[in-house]
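Asks: Take this structure first; my questions come after.
Numbering (my numbering), first residue to last: 5 to 265.
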């Protein structure tokens, strides 16, 4: 995390993605365990500042797919032994957005170890408006409402799949605890640090992207809106994908400001 001179500012890890938390897609890939990988300063972006995302030809050759996810940012370090409410206290904000994943393996055929070696397939994370619990809401209410969020995923106005936060090990906070368990049982990588951004896994199938696609989500989240700060729940996400000449693997106009706002 401290290797700025070695890696360059754009390649510094700023968080982690958790892969294969949605067990409904395990048979499709013949993968039956979750994994994780790092995300970097130049692969974590604001969806509000990047509603159009530009691939180059080589990045498109990595067979990108799109995943609607729940994202969170750590205010303090979590641990697997914490209760749900204690984990919630460790989070400074939540958001809805897209992770774009990629495969260096032809036709998305791989085993579990290969997906981990490929950075858990991370390419870019696009984050929407951030939210946090309302001061007047109970922590239990917010956690329950978070797990009840449902999502419809559209490509070019056509409904492609339906899912929800319950697909992510029952609740995005369960995915966070699961990542803590993995890291606490190995010594190669540090445990989750304050300030890290965590994306918790796809709520639907991961679907292939083509140049010119416009993807968006609609959300059912009445319960979450009632317990979120200022009544603002997750913002529906939308992005258009275009092709450009540029450096590999992605072209970045603006990096996400990693703040509490």
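Every residue gets a Cβ at the ideal spot worked out from N, C-alpha and C, and that includes glycine.
Take the Cβ of residue 139 as the centre, count every other Cβ of all protein chains shown within 10 Å, and call the residue buried at 16 or more, exposed below.
Replies: Under this definition residue 139 is an exposed residue.
Asks: Starting from residue 99 and walking both ways along the alpha helix (DSSP H), at which residues does that stretch end?
Replies: Counting along the chain, residue 99 falls outside any alpha helix (DSSP H), though it belongs to the beta strand (DSSP E) covering 95 to 105.
Asks: Between which two residues does the alpha helix (DSSP H) containing residue 146 stretch?
Replies: Counting along the chain, the alpha helix (DSSP H) containing residue 146 begins and ends at 143 to 151.
Asks: Kindly indicate which three-state DSSP category residue 36 falls into: helix, strand or coil?
Replies: It is coil, neither helix nor strand.
Asks: Just reading off the alpha helix (DSSP H) that residue 62 is part of, what are its end residues?
Replies: Residue 62 -> alpha helix (DSSP H) spans 61 to 64.
Asks: Is residue 23 buried or exposed, if buried means 16 or more other CB atoms sit within 10 Å of its CB?
Replies: By the neighbour-count rule (16 or more Cβ atoms within 10 Å), residue 23 is buried.
Asks: From residue 175 to residue 124, what distance separates their C-alpha atoms?
Replies: For residue 175 and residue 124, the distance between alpha carbons rounds to 20 Å.
Asks: List the whole-angstrom C-beta distance separating residue 59 from residue 68, where the pair is believed to meet the contact cut-off of C-beta under 8 Å.
Replies: Between residue 68 and residue 59 the Cβ distance is about 7 Å, and since that is below 8 Å, they are a contact.
Asks: Can you tell which of 217, 130, 126 and 204 has its C-alpha closest to the C-alpha of residue 151?
Replies: The shortest C-alpha separation from residue 151 is found at 204.
Asks: Can you find the residues in the same chain that come closer than 8 Å, C-beta to C-beta, to residue 130, ignoring five residues on each side of it along the sequence?
Replies: Result list for residue 130: 49, 50, 51, 54, 57, 101, 102, 103, 104, 241 and 243, in chain order.
Asks: Near residue 113, which residues of its chain fall below 8 Å by C-beta distance, leaving aside the five closest residues on each side in sequence?
Replies: Contacts found: none.
Asks: So, are the CB atoms of residue 66 and residue 177 less than 8 Å apart?
Replies: Contact flag unset, no.
Asks: Counting along the chain, where does the beta strand (DSSP E) carrying residue 72 start and finish?
Replies: That run of the beta strand (DSSP E) goes 69 to 78.
Asks: I need the straight-line Cα distance from residue 29 to residue 248, nearest angstrom please.
Replies: Each residue's Cα considered, the two are about 31 Å apart.
Asks: Where does residue 19 sit, in a helix, a strand or coil, going by DSSP?
Replies: Three-state DSSP puts residue 19 in a strand.
Asks: Taking Cβ to Cβ, would you say residue 217 is nearer than 8 Å to residue 160?
Replies: Cβ distance < 8 Å, so residue 217 and residue 160 count as in contact.
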